[in-house]
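The next block holds one structure in the form of structure tokens; read it before the comments.
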Amino acid sequence: MITFGPVPSRRLGRSLGINNVPPKSCTYSCIYCQVGPKPNKQAVPRPFYSPEEIYRAVELRIAALREAGEHIDFLTFVPDGEPALDVNLGRTMELLRSFGIRIAVISNGSLIWQKEVRETLMSADWVSLKVDTVDAGVWRLINRPHSNLQLPCILDGMLEFASGYKGILTSETMLVDGINTRDSLVTGVADFLGKLAPETAYLSIPIRPPTEEKVRIPGEEQLNRAYQLVCNRVGEVEYLTGYEGNAFSSTGDTAMDILSITAVHPLREEAILELLAKTEGAWNIVEKMIEDGKLRECRYEGRKFYIRCYPRGTEC
Ligand code: SF4
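Its first residue numbered 7, the sequence shown is counted upward by one per residue in my numbering.
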């Protein structure tokens, strides 16, 4: 299937997904990838589907959705692989422009050192780039790149892209327990993101079944530390935890509100007290959530934070 969805996305609203490369066509073979190992990693862009074929599939889907009265916020290139491997991505975006819907590309950024790829991505309205680490050894461990790729070139390419890009640039960093969560590694990523200056830096965790069983979700303390370290360099940082509800609308149910917000970022003690005051809730709501294993108290630089708990120790 070339199109899927639309799926509700916190980042993109109602996003109609486009598979412009066949599953597993990727430059990486990340240890946390949900689409399984990639025996044939590729690093040279080439044609897959024709732009016209993708255009027709999207046209049909949009027509059906419009007839059903469904709204679409973004056409999103988010295949089970790397969208920039498709040498026709630029031409396809050009054709899709006629629908008058914004276009997003979720890329691992590994081909952005190539001028043609940068130029193609420039024409998207919204781009996400993967920055799991800036340490070449850890990069080989976590992203398992094609042997022709070089991390310094990729990082330079990302900075060059960011300096000229007029759309919305975001970054995504997957945190895998014990692999890229050490403070020094996260600080390296934070320093790089400080230069890249994405509109929002998303921190994700492997909440869905990954390729490798050894992949584990980091502990809440680690997640909070990573959040704070990246916050020191980038204005807007959010968790991307698979929760796609409306994180900031008050439901009148304080426990639900706390869970929604902590799915996006840690909450300071004072912020929780403020929330409770608004709904005339008592602190025992928080105690009960901690007791039920839904929330955890963490400390960072003398302050108390509350962070959502995720199942650990199990294969996620
Ligand atoms: S970049 Fe994405 S599709 Fe490619 S291996 Fe990593 S997680 Fe899987």
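Cβ atoms here follow ideal geometry from the backbone N, Cα and C, with glycine treated the same way.
Kindly indicate which residue of Gly170, Leu209, Pro12 has the alpha-carbon position closest to the one of Arg124.
Closest option to Arg124, Cα to Cα, is Gly170.
With respect to 7 Å, is the separation between the Cβ of Lys220 and the closest non-hydrogen atom of ligand 1 below this value?
Not so, every heavy atom of ligand 1 lies at least 7 Å from the Cβ.
Between Ile37 and Val195, is the Cβ-Cβ spacing less than 8 Å?
In this structure, Val195 does not lie closer than 8 Å to Ile37 by Cβ.
Assuming contact is defined by CB atoms lying nearer than 8 Å, are Trp119 and Gly173 in contact in what I supplied?
Not a contact, by the Cβ cut-off of 8 Å.
Can you give, in chain order, each stretch of the alpha helix (DSSP H) that sits fully within the stretch 264 to 316 and has at least 4 residues?
Fully enclosed alpha helix (DSSP H) runs of 4 or longer: 275 to 284, 290 to 297.
Per DSSP, Ser15 forms a beta bridge with which residues?
DSSP output for Ser15 lists Gly19 as bridge partner(s).
In the DSSP assignment, find the alpha helix (DSSP H) that holds Thr126 and state where it starts and stops.
Per DSSP, Thr126 belongs to the alpha helix (DSSP H) from 121 to 128.
Can you tell me whether DSSP reads Tyr245 as helix, strand or coil?
Correct three-state label for Tyr245: strand.
Let me check you understand the geometry: is the CB of Asp92 closer than 7 Å to at least one non-hydrogen atom of ligand 1?
Because no heavy atom of ligand 1 lies under 7 Å away, the Cβ of Asp92 does not count as near it: no.
Does the distance between the C-beta of Ser35 and the nearest non-hydrogen atom of ligand 1 fall short of 7 Å?
Ser35 Cβ: within cutoff of ligand 1.
Leaving aside the five residues before and after Leu18 along the sequence, list all residues of the same chain whose C-beta is less than 8 Å from its C-beta, in chain order.
Within the same chain, Leu18 has close Cβ partners Asp79, Phe80, Thr82, Ala110, Trp132.
Alpha carbon to alpha carbon, how far is Val240 from Ile291?
The straight-line gap from Cα to Cα measures roughly 32 Å.
Would you say Asn114 touches ligand 1, meaning its beta carbon is less than 7 Å from a heavy atom?
Yes.
What three-state label does DSSP hand Gly319 in the structure shown?
In this prediction, Gly319 has a pLDDT of 41, which is less than 50 and means its spatial position is unreliable; nothing more can be read from the coordinates.
Could you check how far apart the C-beta atoms of Asn25 and Asp86 are, in whole angstroms? I think they sit under 8 Å.
Right, their Cβ atoms sit about 7 Å apart.
What runs of the alpha helix (DSSP H), each 4 residues or longer, lie entirely inside the stretch 126 to 186?
Correct list: 142 to 148, 157 to 170.
Work out the CA separation of Gln40 and Glu219 for me, nearest whole Å.
If you take the alpha carbons of Glu219 and Gln40, they lie about 11 Å apart.
So, with DSSP's three-state summary, where would you put Thr33?
Three-state result, Thr33: coil.
Within a Cβ cutoff of 7 Å, which residues of the same chain sit near Asp197, ignoring the five residues on either side of it in sequence?
Excluding residues within five positions, the ones whose Cβ falls inside 7 Å are Arg239.
For Leu202, tell me which candidate among Asn230, Lys30, Val137 has the shortest Cα-Cα distance.
If we check each option's Cα against that of Leu202, Val137 comes out closest.
What is the DSSP secondary structure of Ile109, counted as helix, strand or coil?
Ile109: strand per DSSP, three-state reduction.
Provide the residue span of the beta strand (DSSP E) that contains Ala63, from first to last.
Not the beta strand (DSSP E): Ala63 falls in the alpha helix (DSSP H), residues 57 to 73.
By a C-beta neighbour count over all protein chains shown, 10 Å radius and 16 as the cutoff for buried, is Ile296 buried or exposed?
Exposed: under 16 other Cβ atoms inside 10 Å.
Whose C-beta lies closer than 7 Å to the C-beta of Glu303 among residues of the same chain, with five residues either side of it excluded?
Ile296, Lys310, Tyr312.
Apply the 10 Å Cβ neighbour rule to Tyr316 and answer buried if 16 or more other Cβ atoms are within range, or exposed otherwise.
When all chains shown are included, Tyr316 counts as buried.
Under 8 Å between the Cβ atoms of Gly96 and Thr126?
Going by C-beta atoms, Gly96 is nearer than 8 Å to Thr126.
DSSP three-state label for Phe254, please.
For Phe254, the predicted structure reports a pLDDT of 44, less than 50, and the residue's modelled location is therefore unreliable. A value from the coordinates is still provided. Note: Phe254 maps to coil in three-state DSSP.
Please classify Ser255: is it buried, with 16 or more other beta-carbons within 10 angstroms of its beta-carbon, or exposed?
With a pLDDT of only 47 at Ser255, under 50, the local geometry of the prediction cannot be trusted, and no value is derived from it.
Buried or exposed, going by whether 16 or more other CB atoms sit within 10 Å of the CB of Val13?
Exposed, since its Cβ has fewer than 16 Cβ neighbours within 10 Å.
What are the boundary residues of the beta strand (DSSP E) that Leu209 is part of?
Counting along the chain, the beta strand (DSSP E) containing Leu209 begins and ends at 206 to 210.
With the cut-off set at 8 Å, would you say Glu307 and His271 are in Cβ contact?
No.
Would Ile185 and Leu147 be called neighbours here (beta carbons separated by less than 8 Å)?
The answer is yes: Cβ separation under 8 Å.
So, under 8 Å CB-CB, Pro151 and Tyr34 are touching, yes? Tell me the CB distance rounded to an integer number of Å.
Their Cβ separation, rounded to whole angstroms, is 5 Å, which keeps Pro151 and Tyr34 in contact under 8 Å.
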